[in-house]
Amino acid sequence: MSGPTRHDVVVVGAGPAGLAAAVAASERGRSVLVLDQAPHAGGQVWRHRRGERPAPVLVELLRRLAARGGAIARRAAVLDCPAPGELVVDFDGRIDRITAPALVLATGAVERLLPFPGWTLPGVTGVGGLQALLKAGLALRGQRVVIAGTGPLLLPAAATVVKGGGELVMIAEQARGSQVVRFAGRALTDPARLLQALRLRMATIASPYRADSWVVAAHGEDRVREVTVHVQGAERVIACDWLAAAAGLLPRTELAELLDCALTGGGDGGGISVDDDQATSVPGIWAAGECCGVKGETAGMAEGTIAGCMAADAPTTIPPRTRKIQAAGRRFGGLLEAAFAPRPELLRRVTPETIVCRCEDVPAGAIDPAWSPRQAKLWTRAGMGSCQGAVCGPACTALYGWGRNAVRPPLASPPLGAWAGALTRDGEPTTP
Amino acid sequence: MNDVTIQVDGVPRRVAADSSLAAALLTLGIAAFRTDLHGRPRAPVCGMGTCAECRVVIDGRPDQRSCQVPVREGMTVETAT
Amino acid sequence: MASHPDVIVIGAGLVGAAIADGLAEAGSAVTVLESAFAGGGSTGAAMGHLVVMDDSPAQMALCVHSRLRWEGWLDEFPEDVEADRCGTLWVAADAAELDAAAGKLALYRARGVAAELLDEGQLSSAEPALRAGLAGALRVPEDAVCYPPAVARHLLDRARRRGAIVQPGEAVAVEPGRVTLQDGTVMNAGTVVVAAGPRSAALIPGLPVVPRRGHLAITERRPGLVRHQLVELGYLHSAHTMGGASVAFNVQPRRTGQLLVGSSRELVGFDGTINRPLLGRMLARAIDFVPGLAALPVLRTWVGFRPATPDSLPLIGPWHPLAGVWIATGHEGLGITMAPGTADLIVAGITGGTAPLDATPYAPTRTIDEGGG
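Chains as they are written, first to last, in this note's numbering: chain P, 1 to 432; chain A, 433 to 513; chain R, 514 to 886.
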């Protein structure tokens, strides 16, 4: 085995926070490797449709990173951390061990997908999920779409649906109208943000936007055909071909948990706990962006920059403006939580027949809320399937108030042979 | 924009070259990517590789999360449709 | 809480739940003390292989009796116990191992256990997923597979229906006639049964049981890839050797179609971390026997602790230093299999009924020949 090229800083996640961290570290003289399990860099928020220009911010960050020799490995999933500073990574089918003397976690967020009758029908997606599928090439060709979700993600997703050729029948926001107004008043003080929000609303102006509204059930046989929506006090049945339904975003913390990083706690376990310099509870590991708490891409980039400077051991070079944005991001995150927390009615849609664990077909009726999550897992197999609790974990937390089950390696699902080889391989760690 | 030809359940189909497989299959009108333990159809949800609902067989390999796989000329895909 | 039950059973793993169920059926007033939930300890980490093993006559006798009792259990309980009468193939890699398998065959048949010897060709037909070039196997068709946490749950539910009381709590001390809980509560009963798995040694000083860590991995579903529980004959060496770390090929098809891959053994106390190199060796060994495993996605890996004794026999019976205290643990890798027989012995012992087999070899206070087993 030839002498391995080590990287000073490894960043997990090539979204806004991860790329900002990578650029900051590389521009301070460190060798940087960014890992992202998706085929493209940019995370969830910087995806572009075929024929669209990629976001200028993304282009710029990639250019700056490349200028300093920073590398991005796409389709690279972290599987395990066998020892501090060591990661086992599935590089698009080839598993290798890399050293990560300084590690920045920028693993982003996932949608909170809450169960309701009919949610497993084809055509029922997440809100960000439908947006992601559209940006990855889904053509709607006039098909009817209902969006039912919460928070600032609704309007960009709605705009993407319209751009993607869908007939957007309704945008349902589950928060109360007063909460939305209050949030808008506080959050849209920035002119650029206000303009963006207005632009998005204009793009979707043909579609009604209703607060105090949420999906009650989806109906259909082979796919969703109509949905029952609670619209400001009354139930309506709306025919549609797609239902994009979610209940906000959650920090993605599985890798952090495997690394024994402390979380902020709170209802859903919270995000990765970090100090003002984005340091986690584990020496040598920093975290930035949505995985620390949902707060948007601008603050994510600021946090990423801070984390990158710290990982590069250059704390005095942290740009002062990032501190202001970091602080603003925390405030914004607080506003988001206050305005868009899932309302109790969303938790009361579930019937005994409603599937809670999608991978193992476990219905709500098989689960006793008084159980512990581990008890539910062992007694019903909920959480034992392919997604390993990524969907049903947050669903059970919302429905039953449970904490989360322990994270175990491998974090993705590598082929058994490749992983066995990586576990037993002698010699020095390598990099791609 | 270029198209590529992939085999979907034994039938050659033209799909956008820069599409993810999941997006391409959905655009083709595929509803059931896989079936659950009771034989009911399932299709993509999260679009980002975490929900595991978009799994199909690609080039003979099962359990591939199609939303994370770009289409490729000559790819063979088996769904539950 | 019952003011004064006849019996306190500590631990609602499969063994404790079975004992509670048996005692309640026999009319005893039973309180089961469980710190988490039925089947949450070693039971929840176990493979659920119902297997006759022949390391010693005493081991085999308890396996044979228990496996017969399992026939009834598998029919009595709901679907979620995932009963699968798939049988075991003890795989012989070479002629020497096949000879050993022939010896086992004779032993099994003498004990009335259905078994047959397969040659290379027959093995290949019976289990196409095995690599070519294996010498053959001993096939034990009446072995089976279950999902232990579900069985423990249903046994405990049945015990409740028969009058048993389940008391949440953790025992910290056991004395004649009394059990002290972590919160200071004291429970009194004429008889106490310690069925707390490897942690029983913390309650009974001098009890010769220690945790023996094992790794397991579970894969995505591939129904039909593997038809029997597959175990290499070398497994017996691994199970015997008390010291050091070892792996042995042991793969189980679950009714769900997922494959459960084991096995490993180490003495590391209660360290719950994964020993990655050992896990890698275990997986590599499995692939060696079933090449098709290599392509299967692995969903998760975990560890569990077997309650191990120096002579590979369980501890079932009265603990003489403490009047009225009984022990039911130490089954190593046979706790799931031996649960019904263990319960029968304990129930007979406590109620004065007729024991279905001679309990002497399992006496917890026996002199243990550390070189044995």
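Note that the Cβ used here is the ideal one computed from N, Cα and C, for glycine as well.
Between R/G676 and R/A574, the gap from beta carbon to beta carbon reaches 8 Å or more. A distance below 8 Å separates the beta carbons of R/P661 and R/G552.
Within the stretch 85-119 of chain P, the runs of beta strand (DSSP E) that reach at least 3 residues and sit entirely inside it are, in chain order, 86-91, 94-99, 102-105 and 109-111.
Along the stretch 464-488 of chain A, going in chain order, the ones with a CB nearer than 8 Å to a CB of chain P are A464, F465, D468, L469, H470, R472, P473, R474, A475, P476, V477, C478, G479, M480, G481, T482, C483, A484, E485 and R487.
R/H844 is classed as buried because its beta carbon has at least 16 other beta carbons within 10 Å across all chains shown. If you check the CB distance, P/V145 and P/V169 come in under 8 Å. Segment contact: the stretch 29-44 of chain P against the stretch 499-513 of chain A, three or more CB-CB distances shorter than 8 Å; contact assigned. For P/P56, the enclosing alpha helix (DSSP H) has its first and last residue at P56 to A67. In the DSSP assignment, R/C599 forms no beta bridge with any residue. When only Cα atoms are considered, R/H562 and P/T424 end up about 27 Å apart. At a cut-off of 4 residues, the continuous stretches assigned as alpha helix (DSSP H) that sit fully inside the stretch 283-329 of chain P are 297-311.
Straight-line spacing of the CA atoms in R/R734 and A/D495 works out to 9 Å.
If you ignore the 5 residues before and after P/T120, its C-beta comes within less than 8 Å of the C-beta of I355 and R358, all in its own chain and listed in chain order. Taking the Cα positions, R/A856 is about 59 Å away from P/A136. From the beta-carbon of R/G529, no residue of chain P is found nearer than 7 Å; the closest lies around 16 Å away.
Contact residues of the stretch 723-752 of chain R toward chain A are E733 (C-beta to C-beta distance below 7 Å). Against chain A, a Cβ distance below 9 Å from R/P874 picks out nothing, because the smallest value is about 44 Å. For R/H578, there is no enclosing beta strand (DSSP E); the enclosing alpha helix (DSSP H) covers residues P570 to E589. For P/T160, the number of other beta carbons within 10 angstroms of its own is at least 16, and it is reported as buried. Nearest to P/D368 by alpha-carbon distance, out of R/F550, R/F590 and R/S637, is R/F550.
Flagged as an interface residue toward chain A: P/E111, by a C-beta distance shorter than 8 Å. Here P/A102 is not near P/E86, since their CB atoms are 8 Å or more apart.
Judged by DSSP in its simplified three-state form, R/D593 adopts helix. Bridge pairing for R/N701: R/R691 [DSSP].
Counting along the chain, no beta strand (DSSP E) covers P/W46, and no H or E run does either. At a cut-off of 8 Å between C-beta atoms, P/S281 does not count as an interface residue with respect to chain A. Assignment of R/T873 by DSSP, reduced to helix, strand and coil, places it in the helix class. Around the beta carbon of R/L780, fewer than 16 other beta carbons sit within 10 angstroms, so the residue counts as exposed. Residues L155 and L188 of the same chain have their beta carbon placed closer than 7 Å to that of P/A197, with the five preceding and five following residues left out of the count. Residues of the stretch 385-419 of chain P with a C-beta atom less than 7 Å from some C-beta of chain R are S386, Q388, R408, P409, P410, S413, P414, P415, L416, G417 and W419, listed in chain order.
For R/F550, the secondary structure class from DSSP, reduced to helix, strand or coil, is coil. Cα atoms of P/T253 and P/G304: separation of roughly 16 Å, rounded to the nearest angstrom.
According to DSSP, P/Y209 shares a beta bridge with P/I171. P/L243: member of the beta strand (DSSP E) spanning W242 to A245, first to last residue. One finds L378 and W379 in chain P with Cβ atoms closer than 7 Å to the Cβ of R/P662, taken in chain order. Residues of chain A whose Cβ lies closer than 8 Å to the Cβ of R/P810 are, in chain order, D495.
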